[in-house]
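Each residue of the sequence shown is one higher than the last, beginning at 358 in UniProt numbering. We put the beta carbon where it would ideally sit given N, CA and C, even for glycine. These numbers come from a predicted model, not from an experiment.
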Amino acid sequence: KAKSEGRKTFAFYRQELTEQSRQRLELDMALRRALELGELRVHFQPIIDLGSGQRVGAEALVRWQHPHRGLVPPGEFIPLAEEMGLISLLDTWVLEQSCRQLCAWPHLGFIAVNISSRLFCRGELDTQVAQILERTGADPQRLELEITESAVMDDPDAALDLMRRLRQLGVRLSIDDFGTGYSSLTRLKVMPVHKLKIDQSFVSGLAHDSADLAIARSVITLGHSLGLKVLAEGIEQPEQAELLRQLGCDLGQGYLFGRPQPAVDWPSAAA
Ligand code: C2E
Ligand code: MG
Ligand code: MG
Ligand code: MG
Numbered sequence: 358k359a360k361s362e363g364r365k366t367f368a369f370y371r372q373e374l375t376e377q378s379r380q381r382l383e384l385d386m387a388l389r390r391a392l393e394l395g396e397l398r399v400h401f402q403p404i405i406d407l408g409s410g411q412r413v414g415a416e417a418l419v420r421w422q423h424p425h426r427g428l429v430p431p432g433e434f435i436p437l438a439e440e441m442g443l444i445s446l447l448d449t450w451v452l453e454q455s456c457r458q459l460c461a462w463p464h465l466g467f468i469a470v471n472i473s474s475r476l477f478c479r480g481e482l483d484t485q486v487a488q489i490l491e492r493t494g495a496d497p498q499r500l501e502l503e504i505t506e507s508a509v510m511d512d513p514d515a516a517l518d519l520m521r522r523l524r525q526l527g528v529r530l531s532i533d534d535f536g537t538g539y540s541s542l543t544r545l546k547v548m549p550v551h552k553l554k555i556d557q558s559f560v561s562g563l564a565h566d567s568a569d570l571a572i573a574r575s576v577i578t579l580g581h582s583l584g585l586k587v588l589a590e591g592i593e594q595p596e597q598a599e600l601l602r603q604l605g606c607d608l609g610q611g612y613l614f615g616r617p618q619p620a621v622d623w624p625s626a627a628a
């Protein structure tokens, strides 16, 4: 299939250039363009206080409004953005949009923003967050940064340092997808985090899998004994919400309460 020009030079590479890698290369270029053209969108998913049933916050989740493919989920382009070195640009853009939304929604408790471990491990996040807070005028107490266990454990001392600097700005920190990574309890004990988010893989089996139930119960107990709030992700069924409430889980998030939606589609109560 190779065109005659350049055949000698590229024959070997062309073999390697499978359909998959060709698609990836296209996506690469398209993602760069998306950031420039403003094709990214932030959706917000409600976070509920399981005790009162009140909506207390939201998680910001990025989407890509692709001109041909429609709405592309982050699972398909976040890893790419990380490899291409675009993640820091992307995450700080989401941070800024979220801070603006906080100002537009004075009655919403907080907005949580996902921070890639790539960005976290670069160590300058506190400077960037400070600039965004200053620019937008958002209340730092209402901003929460979600980091993963791997972001913390790659270089625990540097991570702890950065976490303390972020705390000094007034922002809150949570550990996302808790239970799926490896984090040492010794580290967790000294980390200035506010919240643990139980990964949805433990929530889905809650009502029928005794191991999942045991894990959820342990995380809630552990979190509470360290003085942290605990949130369960991916709640889809009322039985799951009820079980978690009985276990003392503080907060919940999932399709049962609401899907991620553009800010304009949110009920006006947030404003
Ligand atoms: P996450 O931070 O753990 O976010 C929760 C994911 O679970 C979201 O998927 C959300 O739409 C989905 N979800 C919420 N409730 C339910 C439910 O009841 N059932 C099911 N099956 N799923 C539910 P989404 O939006 O596709 O995001 C996937 C992941 O992409 C996020 O997981 C996060 O790790 C990452 N991500 C999203 N936005 C950003 C961002 O702005 N920056 C970075 N670095 N990562 C992001
Ligand atoms: Mg998250
Ligand atoms: Mg999560
Ligand atoms: Mg998750």
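Any heavy atom of ligand 3 closer than 7 angstroms to the beta-carbon of ASP566?
Residue numbering aside, residue 566 sits at position 209 when the sequence shown is read from its first letter. The answer is no for ASP566.
Could you check what DSSP says for LEU443 in three-state terms: helix, strand or coil?
Taking the sequence shown and counting its residues from 1, one reaches residue 443 at position 86. Reduced to three states, the DSSP call for LEU443 is coil.
Check the C-beta distance from ILE468 over to GLY414 and give it rounded, since I have them as a contact under 8 angstroms.
Walking along the sequence shown from the start, residue 468 turns up at place 111. Walking along the sequence shown from the start, residue 414 turns up at place 57. Sure, about 6 angstroms apart at Cβ, within 8 angstroms.
Please look up how many angstroms separate the CB atoms of LEU553 and ILE404, rounded, as I've assumed it's under 8 angstroms.
Walking along the sequence shown from the start, residue 553 turns up at place 196. Walking along the sequence shown from the start, residue 404 turns up at place 47. About 14 angstroms; that fails the 8 angstroms criterion.
Would you tell me roughly how many angstroms separate the C-alpha atoms of SER378 and VAL429, rounded to the nearest one?
The sequence position of residue 378 within the sequence shown is 21, counting from 1. The sequence position of residue 429 within the sequence shown is 72, counting from 1. Near 18 angstroms, if we compare the C-alpha coordinates of VAL429 and SER378.
Buried or exposed, going by whether 16 or more other CB atoms sit within 10 Å of the CB of GLN380?
For the purposes of this step, residue 380 is identified with residue 23 of the sequence shown, where counting begins at 1. Of the other Cβ atoms in all chains shown, fewer than 16 fall within 10 Å of the Cβ of GLN380; this residue is therefore exposed.
What are the complete beta strand (DSSP E) segments, minimum 3 residues, inside the region 383-459?
397-406, 412-423 and 427-429
Cβ-heavy atom distance between ASP514 and ligand 2 below 7 angstroms?
The residue you call residue 514 lines up with position 157 of the sequence shown. ASP514 Cβ: outside cutoff for every heavy atom of ligand 2.
What residues match up with GLY609 in a beta bridge as DSSP calls it?
Taking the sequence shown and counting its residues from 1, the one referred to as residue 609 is at position 252. The partner list for GLY609 (beta bridge, DSSP) reads ILE405 and ALA589.
Should GLU501 be counted as a contact of ligand 3 given a C-beta to heavy atom distance under 7 angstroms?
In the sequence shown, the residue the question calls residue 501 occupies position 144. No, the beta carbon of GLU501 sits no closer than 7 angstroms to any heavy atom of ligand 3.
So LEU459 and ASP496 are in contact, right, with Cβ under 8 angstroms, and what is the actual spacing, rounded?
Along the sequence shown, read from residue 1 onward, the residue named residue 459 stands at position 102. Along the sequence shown, read from residue 1 onward, the residue named residue 496 stands at position 139. Right, the Cβ-Cβ distance comes to about 7 angstroms (below 8 angstroms), so this counts as a contact.
Excluding five sequence neighbours on each side, which residues of the same chain lie with their C-beta closer than 8 angstroms to the C-beta of ILE444?
What you label residue 444 is simply residue 87 of the sequence shown in a count that begins at 1. Once the five neighbours on either side are set aside, the close Cβ partners of ILE444 are ILE435, ALA438, SER473, ARG475 and LEU476.
Are the Cβ atoms of GLU593 and LEU613 separated by less than 8 angstroms?
What you label residue 593 is simply residue 236 of the sequence shown in a count that begins at 1. What you label residue 613 is simply residue 256 of the sequence shown in a count that begins at 1. Yes, the Cβ-Cβ distance between GLU593 and LEU613 is below 8 angstroms.
Return the chain-ordered list of same chain residues with a C-beta closer than 7 angstroms to the C-beta of VAL576, the five sequence neighbours on each side being excluded.
Position 219 of the sequence shown, counted from the start, is the residue given in the question as residue 576. Sequence-distant partners of VAL576 (beyond 5 residues in either direction) whose C-beta falls short of 7 angstroms from its own C-beta, in its chain, are PHE535, GLY536, LEU553, ILE555 and VAL587.
Just to confirm, does ASP448 get its C-beta within under 7 angstroms of one of the non-hydrogen atoms of ligand 2?
Taking the first residue of the sequence shown as position 1, residue 448 is located at position 91. ASP448 Cβ: outside cutoff for every heavy atom of ligand 2.
Taking 7 angstroms as the cut-off, does the CB of GLU593 come closer than this to any heavy atom belonging to ligand 3?
Indexing the sequence shown from 1 puts residue 593 at position 236. No heavy atom of ligand 3 is found nearer than 7 angstroms to the CB of GLU593.
So is the beta-carbon of residue 700 under 7 angstroms away from any non-hydrogen atom of ligand 3?
Residue 700 lies beyond the range of the chain shown here (358 to 628); nothing can be said about it.
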